[in-house]
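What follows is a set of notes on a single structure, which appears directly below.
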Amino acid sequence: EAGVTQFPSHSVIEKGQTVTLRCDPISGHDNLYWYRRVMGKEIKFLLHFVKESKQDESGMPNNRFLAERTGGTYSTLKVQPAELEDSGVYFCASSQSRGFGYTFGSGTRLTVV
Amino acid sequence: AQSVSQHNHHVILSEAASLELGCNYSYGGTVNLFWYVQYPGQHLQLLLKYFSGDPLVKGIKGFEAEFIKSKFSFNLRKPSVQWSDTAEYFCAVTGGSYIPTFGRGTSLIVHP
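In structure tokens:
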């Protein structure tokens, strides 16, 4: 089966610009998760979708981050406007069951300059 | 709240050396424990997991981990590492929340 796909794999933007990250989960996986890893630190949870609904968005850093999953398929994570501290690797994962059987994507490395 | 601590941030070994990466968690209730690996340029992959039963868990590629409840630990081991084990290793726990909490990761470099 196809894995979790994320794109772009790398993005370099200037402070104040907008960036949209995309995640395509494994087909049939209702659960989709976004995580972020800032350089050298732990992988931190951002939010969890069940189909198109936000189940838990307690990890979203602030209102510059907007995640959507229209139609319950792919998801986007928009950062607007981007700040320097938003740099890091953004991971997406999907699973059939909540909390188990995660499959991760390769991540998007975001650099804000 | 659950948390995970990985004590070794960078480990450098020669091939055939033995490996042990430390992982401690904090949560007083029932936990599920995981080790993930990210090889250069690849996605995070599950190495092994513990849900219940035998506390010594065997995973892929010769890795194993032992759950010691009294020490709140889930250390990862491999008796003889290979150059291809060069990667970043993450310990994770679910307990109070179904959302895994990850450690900071350990970067392992194996010299041929």
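From first to last, the protein sequence lines stand for chains A and B.
The first sequence begins at 8 in my numbering and counts up one residue at a time.
The second sequence begins at 4 in my numbering and counts up one residue at a time.
We put the CB at the ideal spot given by N, CA and C, even for glycine.
None of the values given here were measured: they were computed from a predicted structure.
Query: Any beta-carbon of chain B closer than 8 Å to the one on residue 98 of chain A?; Result: yes
Query: Need the endpoints of the beta strand (DSSP E) that residue 33 of chain A sits in, please.; Result: Unbroken run through residue 33 of chain A: none, as it is neither H nor E.
Query: Report yes or no: do the stretch 9-29 of chain A and the stretch 72-84 of chain A share at least 3 C-beta pairs separated by less than 8 Å?; Result: yes
Query: If you draw a straight line from the alpha carbon of residue 118 of chain A to that of residue 62 of chain A, how long is it in whole angstroms?; Result: 28 Å
Query: On the DSSP letters alone, give me the boundaries of the beta strand (DSSP E) that residue 91 of chain B sits inside.; Result: 90-97
Query: At a CB-CB cut-off below 7 Å, which residues of chain D make contact with residue 113 of chain A?; Result: Given the protein chain composition of this structure (A and B), no chain D is represented.
Query: In angstroms with no decimal places, state the Cα-to-Cα distance between residue 43 of chain A and residue 14 of chain B.; Result: 23 Å
Query: Along the stretch 39-59 of chain A, what residues have a CB closer than 9 Å to any CB found in chain B?; Result: 40, 42, 44, 47, 48, 49, 50, 51, 52, 55
Query: So, under 8 Å CB-CB, residue 113 of chain A and residue 13 of chain A are touching, yes? Tell me the CB distance rounded to an integer number of Å.; Result: 6 Å
Query: What is the DSSP secondary structure of residue 63 of chain A, reduced to helix, strand or coil?; Result: strand
Query: In angstroms with no decimal places, state the Cα-to-Cα distance between residue 63 of chain B and residue 36 of chain A.; Result: 24 Å
Query: Kindly list the residues whose CB is nearer than 7 Å to the CB of residue 108 of chain B, restricted to its own chain and excluding five residues on each side of it in sequence; keep chain order.; Result: 9, 91, 92, 93
Query: Drop a sphere of 10 angstroms on the beta-carbon of residue 9 of chain A, count the other beta-carbons inside from all chains shown, and report buried for 16 or more, exposed for fewer.; Result: exposed
Query: What is the DSSP secondary structure of residue 90 of chain A, reduced to helix, strand or coil?; Result: coil
Query: Given this structure, state the Cα-to-Cα distance separating residue 7 of chain B from residue 97 of chain B, to the nearest angstrom.; Result: 10 Å
Query: Report back the beta-carbon spacing between residue 95 of chain A and residue 45 of chain A to the nearest angstrom; my notes put them in contact at under 8 Å.; Result: 4 Å
Query: I want to know whether the stretch 80-90 of chain B touches the stretch 17-34 of chain B - three or more CB-CB distances under 8 Å.; Result: yes
Query: What does residue 105 of chain A touch in chain B if you count any residue whose Cβ is under 7 Å from its own?; Result: 101
Query: Using a beta-carbon distance below 8 Å, is residue 106 of chain B in contact with chain A?; Result: yes
Query: Select from B:12, B:4, B:18, B:5 the residue whose C-alpha is nearest the C-alpha of residue 114 of chain B.; Result: B:18
Query: Check each residue of the stretch 77-102 of chain B: if its Cβ is closer than 7 Å to any Cβ of chain A, include it; give the result in chain order.; Result: 93, 97, 101, 102
Query: Just to confirm, is the Cβ distance from residue 59 of chain A to residue 78 of chain A under 8 Å?; Result: yes
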